[in-house]
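Structure record follows, encoded as structure tokens.
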Amino acid sequence: MNRNHISKLLGALATERVTLQKFIHLLEQEQSLLVENKTDRLLDFAEQKSAQAVCLSELAEFRRSLLRENIPSFTAEAIHAWLKANSAEGLAVWQEIRALAERAQLINHTNGELIQMKLRHNQKSLAVLSNAVNKANLYGPDGQPNLSPSSGRSLGSG
Numbered sequence: 001m002n003r004n005h006i007s008k009l010l011g012a013l014a015t016e017r018v019t020l021q022k023f024i025h026l027l028e029q030e031q032s033l034l035v036e037n038k039t040d041r042l043l044d045f046a047e048q049k050s051a052q053a054v055c056l057s058e059l060a061e062f063r064r065s066l067l068r069e070n071i072p073s074f075t076a077e078a079i080h081a082w083l084k085a086n087s088a089e090g091l092a093v094w095q096e097i098r099a100l101a102e103r104a105q106l107i108n109h110t111n112g113e114l115i116q117m118k119l120r121h122n123q124k125s126l127a128v129l130s131n132a133v134n135k136a137n138l139y140g141p142d143g144q145p146n147l148s149p150s151s152g153r154s155l156g157s158g
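Heads up: the sequence shown runs through residues 1 to 158, numbered per my numbering.
Okay, here's the thing in structure tokens:
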């Protein structure tokens, strides 16, 4: 194992860790907006989140390509064993990445649940409003007042 390869791997791991930390910060901000009901800014966060997720995916693929060169059996245990034998620093960063990824997954799941709760609430509110509008039946499809559907008379007719 040459030093250049390990150096490249350490750089990739460090970049992935920093990007994952930024992603978690973004998820935490998103969660705060959801909890505080400041949903008007969520679209901006969705775009940022998507961009960071793509970046993380690319970084993970680069890391995998570097590790595959040296690890025939590509499992979590094999990666752990190889890093333990070849780079204690890399192992520490790898363990941190795994912990950060679990944290990101948990926060993202919680945010998804919060969004689902808000959607259900909005759907119920819309159903109540729609029902109230249908019951009121103040105007017909032609836009004309229709206060008494059973009388057949329109507003202002004698």
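Glycine included, every Cβ here is placed at the ideal spot set by N, Cα and C.
Asked                                                                                                                  : Found
Residue from 59, 21, 71, 113 whose Cα sits closest to the Cα of residue 103                                            : 21
Start-to-end residues for the alpha helix (DSSP H) that takes in residue 40                                            : Looking at the DSSP string, residue 40 is not in any alpha helix (DSSP H), and its letter there is neither H nor E.
Residue 52 burial status per 10 Å Cβ neighbour count (16 or more: buried)                                              : buried
Cβ-based neighbour list, residue 62, same chain, cut-off 8 Å, excluding 5 preceding and 5 following                    : 12
Meets three-Cβ-pair contact criterion under 8 Å: the region 40-50 and the region 75-92                                 : no
Alpha carbon of residue 158 to alpha carbon of residue 143, nearest angstrom                                           : Note that residue 158 scores 48 on pLDDT, short of 50, meaning its location in the model is unreliable and no value can be drawn from it.
Nearest candidate by alpha-carbon position, reference residue 108, set 97, 49, 9, 3                                    : 49
Close-in-space but distant-in-sequence residues of the same chain around residue 14 (CB under 8 Å, 5 per side omitted) : 93
As assigned by DSSP and simplified to three states, the class of residue 75                                            : coil
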